[in-house]
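Chemist: Got a structure for you, written out below as structure tokens; questions coming shortly.
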Amino acid sequence: MHIRRNVIFAILILVLAIGTAIFAGMQLVMIPAIAQIESREASEGVLRTVRIVENDLVSLEGTALDWSQWDDTYFFAQDRDGKYIENNLMDKTFTSLQLNLMLYYDLNGTLFYGKGYDYLGFREIEIPQALAVNPAKEILDEIHRNKGGEDARISGIISLPEGLLLISLDPILRSDSTGPVAGYLCIGRYLGDTEVARIARLTSTNLSVLCAADGETAWDIVQESVGRQERSSLVSISPDGNTITAITLFEDIYGMPAAVFRVESPRVTHRIAMESLLLSLSLIAAIGCTSVLAVIYIIDRSFLSRLSLLEAKMKEIADTQDFSARTRLSGDDEISSLSAGIDHTLDALEEHIKAERAARESARIANEKLKLLSKITRHDILNQITVIRGFADLSRDSLPSDSPAVPFIDRISSASAAIEEQLAFTREYELGGDHARPAWFNIRDLATGIGRKMPLGEVDVDIDTGDLEIYSDPLLGRVIFNLIDNSLNHGEKVTRIRLTFHEEEGSGVLVYEDDGVGIPSHQKNLIFEQGFGRNRGLGLFLTRGILSVTGITISETGVPGEGARFEIRVPKGVYRFGNARDQGPGRTGG
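Residue numbers for the sequence shown follow this note's numbering, beginning at 2 and rising by one.
Here it is, written out as structure tokens:
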């Protein structure tokens, strides 16, 4: 039963509300707090890696200072003696100092000696083109611009095509730190995969380092970092929520973005919290299911079984349509009161059904009488029409062909034929069936046929609608007849009638227009009112009613003095274009 289902739903909703409250509390309080702690830890982790790189730069500065402020180096910068190279710049020097580059520049920044060595692979490597071919003048200019004279020094990181390079550049002086400056010594160590792995081990992090100029992802990080005011790390959580990533930017010696330090960590604390949350929700679900079963058992024993019996009796009455049957449940509770109320309703319903059957029978008898009267009246009118048409034909035959009365007799014959056709329409609607139902009508065929039956005289009718078909009441032909008849009777100077179609704003517009006197502006809405006009005033009134059966509207939009123009707006789906044939615009009339 629905009550049993609703009770189950109510208990489940209660359990769900409790679970939702717990879940929301954890999501709004505990989970954000955990995320904040994880974010702080991730930020500290990536900043630890940066501090190690900064310590490496300090160590590199010390090494550069020892070698640059040494008499042997000072004299080598002056006399370029090869013994200095043989005695000091051996492979083991690079290995012991963990250096990849030692470069010697003159005061103009031109390299006069340099050596590259892979201290891990124990092999010589090429000097980067950016430091060999292009003199180190840019670095020296940066020193002079920011720190002063020739004896200034600089250290930091630069981004090269070969990778990220930690460098320290010092002026070459005597061992007692006196000058003048004889040149510059630049030592460097690549921040390669091995160095990154060493830093990751020291900080117990999953570190990766990207060049700021390499890759779309790294550039996006640089852009975001440059847009931030604070110089701290950026922390983000992966879409699946399992990892947290901290990112910070390391600037080069020019103050431009050089490297992106990225540390990814699993969200262990978050995972434990989510597992606890799922366990709590599972316990709540188990308690909720147990509660549902217990409550359903108690409710079913109390009154659901009686409600089921009442429902079965009502269903039987509905299926058999026997409204004389009654439910009659015994007892002294709300269900028995409900049963009594239903029985009282059935009593009233039975009386109403009897009265409705009697009224329906009376209506049927009255309708039969009206049909008989309509049939007799229509028969009598048709007999009189036959007489009129017969006398009209006799009168026409008895007069000379050039008699002035012949056109009037023709008009009498046409009017008689029109009356006969209208009576035929009423007979079709009285009979009902397919003739009285909306259907698809080809506008060109319909208008052409109607035009041939009307006294057009010298009026030319141009039908340019293609294979347009409109779904409408069968009296759609009466609409076209009324419009043409209106032009002939009231247009005064009509010589041309045109019927066209176009689509506009999601609907179709069938346009009927003539070149008569038109309709005055103050009468454009009145012409569709019942009783308005020179004759009975039913033509355009019925036209609007016939079209409205399938949602079609009509309005007059012509210019007074230039002709009448009726726009028949057809909704989408109520018109189509037939595929039976492809003909040119239809024409009829004189």
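For glycine and all other residues, C-beta sits at the position ideal for the given N, C-alpha and C.
When the Cα atoms are used, what is the spatial distance from Glu506 to Leu500?
Modeler: Position 505 of the sequence shown, counted from the first residue, corresponds to residue 506. Position 499 of the sequence shown, counted from the first residue, corresponds to residue 500. Distance between the alpha carbons of Glu506 and Leu500 is about 20 Å.
Chemist: State the Cα-Cα distance for the pair Val47 and Ile248, rounded to the nearest angstrom.
Modeler: Locating residue 47 in the sequence shown gives position 46, counting from the first residue. Locating residue 248 in the sequence shown gives position 247, counting from the first residue. Rounded to the nearest angstrom, the two C-alpha atoms are 7 Å apart.
Chemist: Alpha carbons only, please: which of Ile38, Arg570 and Ala440 is nearest the one belonging to Phe1?
Modeler: Here the chain comprises residues numbered 2 to 591, so residue 1 is not present and cannot be evaluated.
Chemist: For Thr387, which three-state DSSP category applies?
Modeler: On the sequence shown, position 386 is the one that residue 387 refers to. Helix.
Chemist: Whole-angstrom Cβ separation of Ser277 and Ile245, contact assumed at under 8 Å?
Modeler: Stepping through the sequence shown from its first residue, residue 277 is reached at position 276. Stepping through the sequence shown from its first residue, residue 245 is reached at position 244. Wrong, their Cβ atoms sit about 19 Å apart, outside the cutoff.
Chemist: Which whole-angstrom value is the C-beta distance of Ser69 and Asp171, which I expect to be below 8 Å?
Modeler: Counted from its first residue, the sequence shown places residue 69 at position 68. Counted from its first residue, the sequence shown places residue 171 at position 170. That belief holds up - the Cβ atoms of Ser69 and Asp171 are roughly 4 Å apart, short of 8 Å.
Chemist: Is it right to say Met27 is buried, meaning 16 or more other beta carbons lie within 10 angstroms of its own, or is it exposed?
Modeler: For the purposes of this step, residue 27 is identified with residue 26 of the sequence shown, where counting begins at 1. Buried: at least 16 other Cβ atoms inside 10 Å.
Chemist: If you draw a straight line from the alpha carbon of Thr206 to that of Val264, how long is it in whole angstroms?
Modeler: Walking along the sequence shown from the start, residue 206 turns up at place 205. Walking along the sequence shown from the start, residue 264 turns up at place 263. Approximately 6 Å between the Cα atoms of the pair.
Chemist: Are the beta-carbon atoms belonging to Gly478 and Ile451 less than 7 Å from one another?
Modeler: Within the sequence shown, residue 478 is the residue found at index 477, counting from 1. Within the sequence shown, residue 451 is the residue found at index 450, counting from 1. Yes, Cβ-Cβ distance for Gly478 and Ile451 is below 7 Å.
Chemist: Let's see if you can read the secondary structure: which residues bound the alpha helix (DSSP H) around Asn609?
Modeler: With the chain represented from 2 up to 591, any question about residue 609 goes unanswered, as that position is not in the structure.
Chemist: What whole-angstrom Cβ distance do Leu115 and Ile126 have, given they're in contact under 8 Å?
Modeler: Position 114 of the sequence shown, counted from the start, is the residue given in the question as residue 115. Position 125 of the sequence shown, counted from the start, is the residue given in the question as residue 126. Just to set this straight, residue 115 is Gly in the shown sequence, not Leu. 11 Å between Cβ atoms; not a contact.
Chemist: Starting from Met315, trace the alpha helix (DSSP H) in both directions and tell me its first and last residue.
Modeler: To locate residue 315, count along the sequence shown from 1; it is residue 314. Where Met315 is concerned, the enclosing alpha helix (DSSP H) stretches over Ser306 to Thr321.
Chemist: Around the Cβ of Ser488, are there at least 16 other Cβ atoms within 10 angstroms (buried) or fewer (exposed)?
Modeler: Position 487 of the sequence shown, counted from the first residue, corresponds to residue 488. Per the 10 Å Cβ criterion, buried.
Chemist: Determine contact between the segment 188–208 and the segment 157–175, defined as no fewer than three beta-carbon pairs at a distance below 8 Å.
Modeler: Cβ pair count under 8 Å is three or more, so yes.
Chemist: Do the segment 315–327 and the segment 12–29 touch if we need at least three Cβ pairs shorter than 8 Å?
Modeler: Output reads no: the segment 12–29 does not touch the segment 315–327.
Chemist: Among residues of its own chain, excluding the 5 on either side of Gly574, which ones have a beta-carbon nearer than 6 Å to its beta-carbon?
Modeler: Your numbering for residue 574 matches position 573 in the sequence shown. Same-chain partners within the cutoff: there are none.
Chemist: Nearest-angstrom Cα distance between Phe567 and Asp465?
Modeler: For the purposes of this step, residue 567 is taken as the residue at position 566 of the sequence shown. For the purposes of this step, residue 465 is taken as the residue at position 464 of the sequence shown. When rounded, the distance between both Cα atoms is 15 Å.
Chemist: Just mark Gly1 as buried or exposed, buried being the case when its beta carbon has 16 or more other beta carbons within 10 Å.
Modeler: What the structure shows of the chain is the stretch from 2 to 591, and residue 1 is not part of that stretch, so it cannot be assessed.
Chemist: Measuring alpha carbon to alpha carbon, tell me which residue in Phe533, Pro456, Thr544 and Pro561 is nearest Gly517.
Modeler: Here the question's residue 517 lines up with position 516 in the sequence shown. Checked all of Phe533, Pro456, Thr544 and Pro561; the closest Cα to Gly517 is Pro561.
Chemist: CB Met203 to CB Ile53, shorter than 7 Å?
Modeler: Here residue 203 refers to the residue found at position 202 of the sequence shown. Here residue 53 refers to the residue found at position 52 of the sequence shown. According to the sequence shown, residue 203 is Leu rather than Met. Cβ distance < 7 Å, so Leu203 and Ile53 count as in contact.
Chemist: By DSSP, does Ile128 sit in helix, in strand, or in coil?
Modeler: As a working note, residue 128 is residue 127 in the sequence shown. Looking at Ile128 - three-state DSSP - the assignment turns out to be coil, as it is neither helix nor strand.
Chemist: Using CA atoms only, rank isn't needed, just tell me which of Tyr105, Ala36 and Ser60 is closest to Asp80.
Modeler: For this step, residue 80 is matched to residue 79 along the sequence shown. Checked all of Tyr105, Ala36 and Ser60; the closest Cα to Asp80 is Tyr105.
Chemist: Once DSSP output is grouped into helix, strand and coil, what is the label at Pro172?
Modeler: Against the sequence shown, residue 172 aligns to sequence position 171. In the structure shown, Pro172 sits in a strand (DSSP, three-state: E or B).
Chemist: Out of Phe123, Arg438 and Ala341, point me to the one whose CA is closest to Leu100's CA.
Modeler: Looking up residue 100 in the sequence shown gives position 99. Taking only the C-alpha atoms, the option nearest Leu100 is Phe123.
Chemist: Given this structure, state the Cα-to-Cα distance separating Ala419 from Ala364, to the nearest angstrom.
Modeler: Position 418 of the sequence shown holds residue 419. Position 363 of the sequence shown holds residue 364. Going from the Cα of Ala419 to the Cα of Ala364 covers about 33 Å.
Chemist: Hey, out of Ala201, Asn490 and Tyr576, whose CA is closest to Ala565's CA?
Modeler: Mapped onto the sequence shown, residue 565 falls at position 564. It is Asn490 whose Cα lies nearest to the Cα of Ala565.
Chemist: Taking the straight line between their C-alpha atoms, what separation do you get for Gly289 and Leu330?
Modeler: Along the sequence shown, read from residue 1 onward, the residue named residue 289 stands at position 288. Along the sequence shown, read from residue 1 onward, the residue named residue 330 stands at position 329. The alpha-carbon atoms of Gly289 and Leu330 are separated by roughly 34 Å.
Chemist: Go to Glu196, then tell me how far its alpha helix (DSSP H) extends in each direction, as first and last residue.
Modeler: Reading the sequence shown from its first residue, position 195 is the one you call residue 196. Where Glu196 is concerned, the enclosing alpha helix (DSSP H) stretches over Asp194 to Thr204.
Chemist: Output the distance between the C-alpha atoms of Leu211 and Ala260, rounded to the nearest integer angstrom.
Modeler: For the purposes of this step, residue 211 is identified with residue 210 of the sequence shown, where counting begins at 1. For the purposes of this step, residue 260 is identified with residue 259 of the sequence shown, where counting begins at 1. Whole-angstrom Cα-Cα distance: 6 Å.
Chemist: When the Cα atoms are used, what is the spatial distance from Ser417 to Ser375?
Modeler: In the sequence shown, residue 417 corresponds to position 416, counting from 1. In the sequence shown, residue 375 corresponds to position 374, counting from 1. Near 19 Å, if we compare the C-alpha coordinates of Ser375 and Ser417.
Chemist: Alpha carbons only, please: which of Thr346, Phe262, Gly180 and Asn7 is nearest the one belonging to Ser44?
Modeler: Residue 44 sits at position 43 when you count from the first residue of the sequence shown. Selected option, being the one with the closest Cα: Phe262.
Chemist: In the structure shown, what three-state DSSP assignment does Met27 receive?
Modeler: Indexing the sequence shown from 1 puts residue 27 at position 26. It is helical.
Chemist: Taking the CB atoms as reference points, tell me whether Arg358 and Asp344 lie closer together than 7 Å.
Modeler: Here residue 358 refers to the residue found at position 357 of the sequence shown. Here residue 344 refers to the residue found at position 343 of the sequence shown. It is not a contact, given that the beta carbons lie outside the stated cut-off.
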